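Trainee: Before we start, here is the structure in question, set down as structure tokens.
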Amino acid sequence: MDSMRIRGGKSLSGKIHISGAKNAALPLLACSLLTDETLTLGNVPHLADIATMANLLGQHGVSIGLNGNQKSSGSTGRVVELKATNITNITAPYDLVRKMRASILVLGPLVARCGEAKVSLPGGCAIGTRPVDLHIKALQQLGADVVLENGYIHARAPKGLKGAEIVFPMATVTGTENVMMAAALAKGETTIVNAAREPEISDLANCLVAMGAQIDGIGSDKLRITGKDRLHAARHDVVADRIEAGTFAMAAAITHGNVELLGAKLEHLHSVAKLLGEAGVNIEETPAGLRVSCPHGLRGVDMMTEPYPGFPTDLQAQMMALMCVAEGASMITETIFENRFMHVPELRRMGANITVHNNSAMIRGIPQLTGAPVMATDLRASVSLALAGLAAKGETILNRIYHLDRGYERLEEKLAACGADIERVREAA
Ligand code: UD1
943 MDSMRIRGGK SLSGKIHISG AKNAALPLLA CSLLTDETLT LGNVPHLADI
993 ATMANLLGQH GVSIGLNGNQ KSSGSTGRVV ELKATNITNI TAPYDLVRKM
1043 RASILVLGPL VARCGEAKVS LPGGCAIGTR PVDLHIKALQ QLGADVVLEN
1093 GYIHARAPKG LKGAEIVFPM ATVTGTENVM MAAALAKGET TIVNAAREPE
1143 ISDLANCLVA MGAQIDGIGS DKLRITGKDR LHAARHDVVA DRIEAGTFAM
1193 AAAITHGNVE LLGAKLEHLH SVAKLLGEAG VNIEETPAGL RVSCPHGLRG
1243 VDMMTEPYPG FPTDLQAQMM ALMCVAEGAS MITETIFENR FMHVPELRRM
1293 GANITVHNNS AMIRGIPQLT GAPVMATDLR ASVSLALAGL AAKGETILNR
1343 IYHLDRGYER LEEKLAACGA DIERVREAA
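Here the sequence shown is numbered in the working numbering, starting from 943 and rising by one per residue.
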């Protein structure tokens, strides 16, 4: 298994291009199942999770063409052409779903287009139990007959889905996306109440509209989708990754650097920018994106994760790394996932002073972390350890970096280009 060697203490300086968002690209790829015409997606990031989704779609019969890099537009993302002329297989197998929970995103489109889908139940993961009951209940409300058998969700709607009012008791990102895609081909009108409002959901909605769907209330917590008999070809560019941008903003802050994040959008990072500002980080908009600098010391701040537009759970671990070296104490409360403090024992091995009580962590800042061998447990926990390593005295070896490759495109190259001493160590075959 590859690892990452980081020698800390270098201040980051330069420009980093923000890639297309993984969490937007995944549902957009699944969207190709809704039409027999070509869906062209631009700014698709090169990531292991994208390859897994492409693999899954290939199994369903989608033909996928890569059209090279979009270097001319300054982006390194690829253009991907997807064509689902015929869906040849309605099963999403256990082996792929267990690798990537977002595989559940094929459920809604497959039932809507084919009248049947069999998708493996994702099961728990490193950050919690993560049920999909709300996806299932919503599909039942749209008229699907759903049974759970042999570890699979088997949904059938041979006469097609029918619009309904779906009231989510809690905002679910992929749940909202699954219903939105299914409703786009259902008969009549579907209303989603308490819809999640993440920018990736609006990106998906805009793509569906380009494919001929009618969706009102985009960006709000109430979406109204009027189903169509068929959707058609479209071209859509994946929105910039706000989580990657937030991660690099914190990398700049923890190294007291000065970095311009090309393509980053402040409108998607308000809660993050506000909190970083309170912690002593400067963030300003530039014509090309955002400039982040931190010339002085960091201050401890309190934070709670919330659904968008609140502070994202996907940046909680990175914020904790930052707070480890801030002056004073900070309290971080995780409200979305029940087991998302797996980075705490590893940060402690680097000298951090953190106490966890239920879903809150109290961090007492120390002047400097020290490098150590550490183990990545999930995607965002891994990158928080990389940030800690950038600020630590001495060498950090980050193991199990396949987690990083799932969601960060060329992380070490982007950081090294800004002066970080970081390299991938490939395991001898
Ligand atoms: C998505 C993101 C993930 C992010 C998360 C929260 C993708 C591919 N993944 O995950 O990176 O961390 O949003 O912002 O976009 N829940 C239920 N029943 C359900 C569905 C969800 O109880 O049927 C609960 C979850 O356990 C969790 C909360 O609802 O406590 C929110 O989860 P959800 O928004 O669904 O997360 P994902 O869509 O899986």
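C-beta atoms are modelled at their ideal positions from N, C-alpha and C, and glycine is treated no differently.
Since this is a predicted model, take the numbers as computed values, not measurements.
Assuming Ile1029 contacts Gly1003 under a Cβ cut-off of 8 Å, what Cβ separation, rounded to an integer in Å, is found between them?
Mentor: Indeed, because the Cβ distance is near 5 Å, the residues count as touching under 8 Å.
Trainee: Tell me which same chain residues have a C-beta within less than 8 Å of the C-beta of Leu1146, skipping the five on either side of it?
Mentor: Taken in chain order, the residues that qualify are Ala966, Pro969, Leu970, Cys973, Glu1119, Met1122 and Met1123.
Trainee: Rounded to a whole number of angstroms, what is the C-alpha to C-alpha distance between Gly1252 and Leu1038?
Mentor: Distance between the alpha carbons of Gly1252 and Leu1038: 31 Å.
Trainee: Any heavy atom of ligand 1 within a distance shorter than 8 Å of the CB on Lys964?
Mentor: Yes, the beta carbon of Lys964 sits closer than 8 Å to at least one heavy atom of ligand 1.
Trainee: Is it buried or exposed for His959, if we count other Cβ within 10 angstroms and need 16 for buried?
Mentor: When all chains shown are included, His959 counts as buried.
Trainee: How many Å lie between Arg1342 and Gly1154 at the Cα?
Mentor: Cα to Cα, Arg1342 sits roughly 43 Å from Gly1154.
Trainee: What does the alpha-carbon distance come out to for the pair Thr1168 and Gly1000?
Mentor: Whole-angstrom Cα-Cα distance: 29 Å.
Trainee: Tell me which residue opens and which closes the beta strand (DSSP E) that Ser945 is part of.
Mentor: Note, Ser945: beta strand (DSSP E), Ser945 to Arg949.
Trainee: So Pro987 packs on Gly1019, CB below 8 Å; how close in whole Å?
Mentor: Sure, about 6 Å apart at Cβ, within 8 Å.
Trainee: To which residues of the same chain is Asp1087 closer than 6 Å at the C-beta, ignoring the five residues directly before and after it?
Mentor: Taken in chain order, the residues that qualify are Arg1098.
Trainee: Exposed or buried, which one is Gly1016 when buried takes at least 16 other CB atoms within 10 Å?
Mentor: Unreliable placement is indicated for Gly1016, whose pLDDT of 45 sits below 50; the coordinate value is still reported in the next sentence. So Gly1016 counts as exposed.
Trainee: Below 6 Å CB to CB, which residues in the same chain sit around Ala1263 once its five sequence neighbours on both sides are set aside?
Mentor: These residues qualify, in order along the chain: Ser1326, Leu1329 and Ala1330.
Trainee: According to DSSP, which residues form a beta bridge with Pro1251?
Mentor: Its beta-bridge partners do not exist; DSSP assigns none.
Trainee: Nearer than 8 Å: is that true of the beta carbon of Gly1402 relative to any heavy atom of ligand 1?
Mentor: As displayed, the chain neither begins before 943 nor continues past 1371, which places residue 1402 out of reach and without an answer.
Trainee: Give me the Cα-Cα distance between Glu1131 and Gly1085, rounded to the nearest whole angstrom.
Mentor: Each residue's alpha carbon lies about 13 Å from the other.
Trainee: Within a Cβ cutoff of 6 Å, which residues of the same chain sit near Ala1175, ignoring the five residues on either side of it in sequence?
Mentor: Counting only Cβ-Cβ distances below 6 Å, and skipping sequence neighbours, we find Glu979 and Thr980.
Trainee: To the nearest angstrom, how far is it from the Cα of Val1223 to the Cα of Thr1197?
Mentor: Cα to Cα, Val1223 sits roughly 11 Å from Thr1197.
Trainee: Would a C-beta distance cut-off of 9 Å place Ala1187 and Gly1161 closer than the cut-off?
Mentor: In this structure, Gly1161 does not lie closer than 9 Å to Ala1187 by Cβ.
Trainee: Are the CB atoms of Ala1106 and Thr1133 within a distance shorter than 9 Å?
Mentor: Yes, they are a contact pair.
Trainee: Bridge partners of Gly984, per DSSP?
Mentor: According to DSSP, which records beta bridges pairwise, Gly984 is partnered with Asp1179.
Trainee: Beta carbon of Met1265, beta carbon of Leu1240: below 9 Å?
Mentor: Yes, the Cβ-Cβ distance between Met1265 and Leu1240 is below 9 Å.
Trainee: Can you check whether the CB of Met1292 is closer than 9 Å to the CB of Leu1311?
Mentor: A contact, by the Cβ cut-off of 9 Å.
Trainee: Do you know offhand how far Ser1302's Cα is from Phe1283's?
Mentor: Cα to Cα, the separation comes out at about 9 Å.
Trainee: Pick from Leu1165, Gly1159, Val1115 and Val1151: whose alpha carbon is nearest that of Glu1142?
Mentor: Comparing Cα-Cα distances from Glu1142 to each of Leu1165, Gly1159, Val1115 and Val1151, the minimum goes to Val1115.
Trainee: Tell me whether Glu1351 is buried or exposed, calling it buried when 16 or more other Cβ atoms sit within 10 Å of its Cβ.
Mentor: That one is buried.
Trainee: Rounded to a whole number of angstroms, what is the C-alpha to C-alpha distance between Asp1183 and Leu1257?
Mentor: Approximately 12 Å, taken between the alpha carbons.
Trainee: Starting from Gly935, trace the alpha helix (DSSP H) in both directions and tell me its first and last residue.
Mentor: This structure cannot settle anything about residue 935, because the visible part of the chain is limited to 943 through 1371.
Trainee: Less than 8 Å between the CB of Asp1075 and some heavy atom of ligand 1, yes or no?
Mentor: Yes; taking the cut-off as 8 Å, the Cβ of Asp1075 has a heavy atom of ligand 1 nearer than that.
Trainee: Measuring only from the beta carbon, is Phe1253 closer than 8 Å to any heavy atom that is part of ligand 1?
Mentor: False, no ligand heavy atom lies under 8 Å from that Cβ.
Trainee: Under 8 Å Cβ to Cβ from Val1243, same chain only, skipping five residues before and after it: list those, please.
Mentor: Closer than 8 Å at Cβ, skipping near neighbours: Leu1217, Glu1220, Ala1221, Met1265, Ala1268 and Ser1272.
Trainee: Within 10 angstroms of the Cβ of Ala1026, are there 16 or more other Cβ atoms? Answer buried if so, exposed if not.
Mentor: Answer is buried; the Cβ neighbour count reaches 16.
Trainee: Closer than 7 Å by C-beta to Val1151: which residues in its own chain qualify, once you throw out the five before and the five after it? Chain order, please.
Mentor: For Val1151, where only same-chain residues beyond five positions count, the Cβ hits under 7 Å are Ile1157.
Trainee: Alpha carbon to alpha carbon, what distance is there between Gly1199 and Tyr1036?
Mentor: Those two C-alpha atoms are separated by around 44 Å.
Trainee: Measure the C-alpha to C-alpha separation of Leu1076 and Gln1083 and round it to an integer number of angstroms.
Mentor: Rounded to the nearest angstrom, the two C-alpha atoms are 10 Å apart.
Trainee: Look at the Cβ atom of Leu1047, then the Cβ atom of Thr982, and state whether they are nearer than 9 Å.
Mentor: Cβ atoms of Leu1047 and Thr982: not closer than 9 Å.
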